[in-house]
Amino acid sequence: MLSKSSPRYKASRRRFLRTVGLFIGVMGTSLATLLPVVAKLIPPKLRPPGAIEEVDFLASCIKCGQCVQVCPVEAIFLAELNEGIGIGVPYIDARSQACDFSCDAVQCVLACPTGSLSHDITNKEEVRMGLARIAKPESCLAKLGLGFKGQARGANFTGLLRQEEIDRWNPIPVRDYLYDVDLCDLCVRECPIEGAISLEDVNGYKLPVIHEACVGCGVCEMICPVEPTVIVIDERKVWEST
Amino acid sequence: MKGNLEALLVMFGKTPKKPKQIAQPAQVIHLQKRTEKITKQQIEEIRQELRDVEAGKYSKKWRNRRWISIIVINLMFTLSFWIDIQLFEGSIIASRVLGFHMADLYSALQVVLAYKVMFINLIIGTVTVFIIWILLGGRAFCSWVCPYHLLADIAEKIHLKLAAKKWVTNHEFHRGVRPVFFIVFSILAFVLSYSLFNSINPVGMISRALIYGPGIAIVWLLFLFLFEIFYSRRAWCRYVCPMGLTYGLTGALSPLQITYNLSACQHETACHIVCEVPHVLECVKKGRAGNIEVDIGTDCTLCGACVDVCPTSSLRFEFKGLSHIS
Numbered sequence: 001m002l003s004k005s006s007p008r009y010k011a012s013r014r015r016f017l018r019t020v021g022l023f024i025g026v027m028g029t030s031l032a033t034l035l036p037v038v039a040k041l042i043p044p045k046l047r048p049p050g051a052i053e054e055v056d057f058l059a060s061c062i063k064c065g066q067c068v069q070v071c072p073v074e075a076i077f078l079a080e081l082n083e084g085i086g087i088g089v090p091y092i093d094a095r096s097q098a099c100d101f102s103c104d105a106v107q108c109v110l111a112c113p114t115g116s117l118s119h120d121i122t123n124k125e126e127v128r129m130g131l132a133r134i135a136k137p138e139s140c141l142a143k144l145g146l147g148f149k150g151q152a153r154g155a156n157f158t159g160l161l162r163q164e165e166i167d168r169w170n171p172i173p174v175r176d177y178l179y180d181v182d183l184c185d186l187c188v189r190e191c192p193i194e195g196a197i198s199l200e201d202v203n204g205y206k207l208p209v210i211h212e213a214c215v216g217c218g219v220c221e222m223i224c225p226v227e228p229t230v231i232v233i234d235e236r237k238v239w240e241s242t
Numbered sequence: 243m244k245g246n247l248e249a250l251l252v253m254f255g256k257t258p259k260k261p262k263q264i265a266q267p268a269q270v271i272h273l274q275k276r277t278e279k280i281t282k283q284q285i286e287e288i289r290q291e292l293r294d295v296e297a298g299k300y301s302k303k304w305r306n307r308r309w310i311s312i313i314v315i316n317l318m319f320t321l322s323f324w325i326d327i328q329l330f331e332g333s334i335i336a337s338r339v340l341g342f343h344m345a346d347l348y349s350a351l352q353v354v355l356a357y358k359v360m361f362i363n364l365i366i367g368t369v370t371v372f373i374i375w376i377l378l379g380g381r382a383f384c385s386w387v388c389p390y391h392l393l394a395d396i397a398e399k400i401h402l403k404l405a406a407k408k409w410v411t412n413h414e415f416h417r418g419v420r421p422v423f424f425i426v427f428s429i430l431a432f433v434l435s436y437s438l439f440n441s442i443n444p445v446g447m448i449s450r451a452l453i454y455g456p457g458i459a460i461v462w463l464l465f466l467f468l469f470e471i472f473y474s475r476r477a478w479c480r481y482v483c484p485m486g487l488t489y490g491l492t493g494a495l496s497p498l499q500i501t502y503n504l505s506a507c508q509h510e511t512a513c514h515i516v517c518e519v520p521h522v523l524e525c526v527k528k529g530r531a532g533n534i535e536v537d538i539g540t541d542c543t544l545c546g547a548c549v550d551v552c553p554t555s556s557l558r559f560e561f562k563g564l565s566h567i568s
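Chain order of the listed sequences is A and B.
Numbered as in the working numbering, the first sequence ends at 242 without a single skipped number.
Numbered as in the working numbering, the second sequence ends at 568 without a single skipped number.
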């Protein structure tokens, strides 16, 4: 045993306390990354196609970004430190770039090495990311009886969308496509899923109506020419029959 | 074998001790060296050597090779995404390299503990990586692949420059805290169902920043960088990183190692000055080697700095069972 006043004892005691400090510092920092979630500061995010239950999704994601790399329209981003739980966990911001299924075979699902994106999904119709909702019917061009001419989102919008009659294999910038419709139905005509959305008569108005086939990909939210968007995706919402 | 019990205990934080038994041939050499007269000129030469090493004047052959390796591998990831050559998809944490699944061992363990499901691609990925690093020396991952290593190398260089001018001092921690981090982060992954470690893992952060562009995570990297310059030399690699510990455990089974030869060694311990994990080099101290040839323990990152610095070639790379490399 070293005597308590010996320099070696003191040095070793200092080292021990330093080490405790290091431990608390590292653990504290990592636990602090959970705070925004506990405090519910972070809104839920739209996850890539095939994402399993949020808790399991966060548990299983290894944060490699392979889903980001395979996406042909680069819709997927990895969450940042200020974006709450899951630094490095993928999400989609549909308004700036929706998942338009340009890849046909849900590439991100195939790329996922941990099963965070469920491999049970084999085609786009099986995807359930959320559901579209008409958030602001009062500003919908169709309801107002208006048509639409020009670039859906203006000249500075960088999002991509596949236009099959122009290029089957490569999605083109949304700004490169000029619309000219008498009654705006952009959300309906660009929807990649058959039977997910249609323009219907509602109380004497025309309004897009969402059906059970909707997968929540967000193309309607991206293409909506109204600012702020009329149609939004509710993340992870599932269809309830009325 | 580099993964003997003593080497594992030293990796877990034990202070290395002189071996209880010293083999007869080694005893003969130890005795010979004790009785040998050292001339003044020899002493001056050794002093000069130590001064040069401290000033950073020594061969950088292995360091240059190592840096090229780190840069090329990480650049492949970045370029695969940027120009879409698709050879190295993903990041250091998990990827497909030429189509082969790969997953970092500790990150995969975190995911399995959190998710409580073993996914087939992840099993393939971890087994592949496990086999690769058994063949290539375990913690060689740290020195030859890990992008944080390069950052830490630069921080260490600056730290040593400042320390030589007495502007900073190195504050050591107890190395035993690293296995504690390993265990606590593993338990937390299981309890929280979330791989907490990956929230602060600078290896994943720097890899993602290089590929997908930097974000706010850079602040944490910058903090670690400054911490290692001004407070504690190589702190993350030495005292925290559970990834490094996992590769150390993997390397316990590896035939690739640094081998020490007692015969020509002058015991000036220049290698201790440059080593990232000097506790593995206990055997080079005078009278400590238990044999003429000693396998350097599994916490060694095979960076080759000691090989670069040794004037008598007493330290060298070896692939056990094959002829010597280099």
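Heads up, the beta-carbon is just placed ideally off N, CA and C, and yes, glycines get one too.
This one's a predicted model, so the numbers in the text were calculated from it and none came from an experiment.
Practice prompt. Mind listing the chain B neighbours of valine 55 of chain A? Cutoff is C-beta to C-beta under 8 Å, in chain order.
Written response: Taking the first residue of the first sequence as position 1, residue 55 of chain A is located at position 55. Those within 8 Å of valine 55 of chain A in chain B are Ser435.
Worksheet item: What do you get for isoleucine 197 of chain A, buried or exposed, if any count of 16 or more other CB atoms within 10 angstroms of its CB means buried?
Response: Counting from 1 along the first sequence, the entry for residue 197 of chain A is found at position 197. Here isoleucine 197 of chain A is buried: its Cβ has 16 or more other Cβ atoms, across all protein chains shown, within 10 Å.
Worksheet entry | Own chain, CB closer than 7 Å to cysteine 513 of chain B, minus 5 neighbours either side, in chain order | Working through the second sequence from its first residue, we reach residue 513 of chain B at position 271. Result list for cysteine 513 of chain B: Leu523, Val526, Cys548, Val551, Cys552, Leu557, in chain order.
Worksheet item: Of all the CB atoms in chain A, is at least one closer than 8 Å to the CB of arginine 338 of chain B?
Response: Taking the first residue of the second sequence as position 1, residue 338 of chain B is located at position 96. Using beta-carbon distances, arginine 338 of chain B counts as an interface residue toward chain A, with a partner under 8 Å.
Discussion item. If you follow the alpha helix (DSSP H) that aspartate 395 of chain B is in, where does it begin and where does it stop?
Written reply: Position 153 of the second sequence holds residue 395 of chain B. Aspartate 395 of chain B: member of the alpha helix (DSSP H) spanning 389–406, first to last residue.
Worksheet item: In terms of residue numbering, what span does the alpha helix (DSSP H) encompassing methionine 222 of chain A cover?
Response: One-based indexing of the first sequence puts residue 222 of chain A at position 222. 219–223 is the extent of the alpha helix (DSSP H) around methionine 222 of chain A.
Item to complete: Could you spell out where the beta strand (DSSP E) holding aspartate 537 of chain B opens and where it closes?
Response: Sequence index remark: in the second sequence, residue 537 of chain B carries index 295 (1-based). Start and end: 535–537.
Fill in: Host alpha helix (DSSP H) of valine 422 of chain B (start-end)
Within the second sequence, the letter at position 180 stands for residue 422 of chain B. From DSSP, the alpha helix (DSSP H) with valine 422 of chain B extends over 419–434.
Fill in: Alpha-carbon spacing of phenylalanine 439 of chain B relative to valine 73 of chain A, whole angstroms
Position 197 of the second sequence, counting from 1, holds the residue named residue 439 of chain B. Position 73 of the first sequence, counting from 1, holds the residue named residue 73 of chain A. Going by the C-alpha atoms only, they are around 31 Å apart.
Worksheet entry | When A:Leu35, A:Gly28, A:Val70, A:Ile42 are compared against proline 48 of chain A, the one with the closest alpha-carbon | Here the question's residue 48 of chain A lines up with position 48 in the first sequence. Residue A:Val70 is the option with its Cα nearest to proline 48 of chain A.
Discussion item. Please state whether the Cβ-Cβ distance between lysine 244 of chain B and threonine 540 of chain B is less than 8 Å.
Written reply: The residue labelled residue 244 of chain B in the question sits at position 2 within the second sequence. The residue labelled residue 540 of chain B in the question sits at position 298 within the second sequence. Yes. Within cutoff.
Worksheet entry | Boundaries (first-last residue) of the alpha helix (DSSP H) holding lysine 27 of chain A | By 1-based counting over the first sequence, the position of residue 27 of chain A is 27. A small correction: the amino acid at residue 27 of chain A is methionine; lysine does not occupy that position in the sequence shown. In the DSSP assignment, methionine 27 of chain A falls within the alpha helix (DSSP H) that extends over 7–32.
Item to complete: Closer than 9 Å by beta-carbon distance: list the chain B residues that pair up with arginine 18 of chain A, in chain order.
Response: As a first step, residue 18 of chain A must be located in the first sequence, where it is residue number 18. Within 9 Å Cβ-Cβ: His413, Glu414, Phe415, His416, Ser474.
Worksheet item: Interface residues of chain B around isoleucine 24 of chain A at Cβ under 7 Å?
Response: The count along the first sequence starts at 1 and reaches residue 24 of chain A at position 24. Around isoleucine 24 of chain A, no beta-carbon contact reaches into chain B at under 7 Å, the shortest distance being about 11 Å.
Worksheet item: Mind checking whether leucine 31 of chain A and tyrosine 481 of chain B have CB atoms under 8 Å apart?
Response: Sequence index remark: in the first sequence, residue 31 of chain A carries index 31 (1-based). Sequence index remark: in the second sequence, residue 481 of chain B carries index 239 (1-based). Not closer than 8 Å, so no.
Worksheet item: Expressed to the nearest angstrom, what Euclidean distance is found between the alpha-carbon atoms of glutamine 107 of chain A and valine 419 of chain B?
Response: Walking along the first sequence from the start, residue 107 of chain A turns up at place 107. Walking along the second sequence from the start, residue 419 of chain B turns up at place 177. The straight-line gap from Cα to Cα measures roughly 42 Å.
Worksheet item: Say the cut is 7 Å; is the CB of tyrosine 481 of chain B nearer than that to a heavy atom of the ligand FMN?
Response: This structure does not include the ligand FMN; it has no bound ligands of any sort.
Worksheet item: Taking a cut of 8 Å between CB atoms, which residues from the stretch 88–100 of chain A lie near chain B?
Response: So the list reads Gly88, given in the order they occur along the chain.
Discussion item. Buried or exposed for methionine 360 of chain B, going by 16 or more other Cβ atoms inside 10 Å?
Written reply: Position 118 of the second sequence, counted from the start, is the residue given in the question as residue 360 of chain B. With fewer than 16 Cβ atoms within 10 Å of its Cβ, methionine 360 of chain B is classed as exposed.
Worksheet item: Which same chain residues, not among the five before or five after lysine 399 of chain B, have their C-beta less than 8 Å away from its C-beta?
Response: Looking up residue 399 of chain B in the second sequence gives position 157. Around lysine 399 of chain B: Gly298.
Practice prompt. Indicate whether the contact test is met: 3 or more Cβ pairs, each with one atom in the stretch 111–130 of chain A and one in the stretch 157–168 of chain A, closer than 8 Å.
Written response: With contact defined as three or more Cβ pairs closer than 8 Å, the stretch 111–130 of chain A and the stretch 157–168 of chain A are not in contact.
Worksheet item: Between alanine 79 of chain A and valine 89 of chain A, what straight-line distance do the alpha-carbon atoms span, to the nearest angstrom?
Response: The count along the first sequence starts at 1 and reaches residue 79 of chain A at position 79. The count along the first sequence starts at 1 and reaches residue 89 of chain A at position 89. In a straight line, the C-alpha of alanine 79 of chain A is about 5 Å away from that of valine 89 of chain A.
Item to complete: Note down, in chain order, all residues in the stretch 55–76 of chain A with a beta-carbon under 8 Å from any beta-carbon belonging to chain B.
Response: Per Cβ criterion, the list reads Val55, Asp56, Leu58, Ala59, Ser60, Cys61, Ile62, Lys63, Cys64, Gly65, Gln66, Val68, Gln69, Val70.
Worksheet item: Where are the alpha helix (DSSP H) runs, 4 residues long or more, that stay fully inside the stretch 301–332 of chain B, in chain order?
Response: Complete alpha helix (DSSP H) runs here, min 4: 303–324.
Worksheet entry | Residues near proline 497 of chain B in its chain [Cβ-Cβ closer than 7 Å; skip 5 each side] | Translated into positions along the second sequence, residue 497 of chain B becomes position 255. Only Phe561, Lys562, Gly563 meet the Cβ criterion.
Worksheet item: Residues of chain A with a CB under 7 Å from the CB of glycine 446 of chain B: which are they?
Response: For the purposes of this step, residue 446 of chain B is identified with residue 204 of the second sequence, where counting begins at 1. For glycine 446 of chain B, the C-beta contacts it makes with chain A under 7 Å involve Lys63, Gly88, in order along the chain.
Worksheet item: Apart from the five residues just before and just after histidine 363 of chain B, which ones in its own chain have a Cβ nearer than 6 Å to its Cβ?
Response: Numbered from its first residue, the second sequence carries residue 363 of chain B at position 121. According to the sequence shown, residue 363 of chain B is asparagine rather than histidine. Correct list, in chain order: His343.
Practice prompt. Look at the alpha carbon of valine 369 of chain B and the alpha carbon of alanine 336 of chain B, and state the distance between them as a whole number of angstroms.
Written response: Indexing the second sequence from 1 puts residue 369 of chain B at position 127. Indexing the second sequence from 1 puts residue 336 of chain B at position 94. Going from the Cα of valine 369 of chain B to the Cα of alanine 336 of chain B covers about 12 Å.
Worksheet item: Exposed or buried, what is aspartate 100 of chain A when buried is set at 16 or more other beta-carbons lying within 10 Å of its beta-carbon?
Response: Taking the first residue of the first sequence as 1, we reach residue 100 of chain A at position 100. So aspartate 100 of chain A counts as buried.
Item to complete: For leucine 78 of chain A, go through chain B and note every residue whose CB falls closer than 9 Å to its CB, in chain order.
Response: The count along the first sequence starts at 1 and reaches residue 78 of chain A at position 78. Here the neighbours are Arg450, Tyr454, Gly457.
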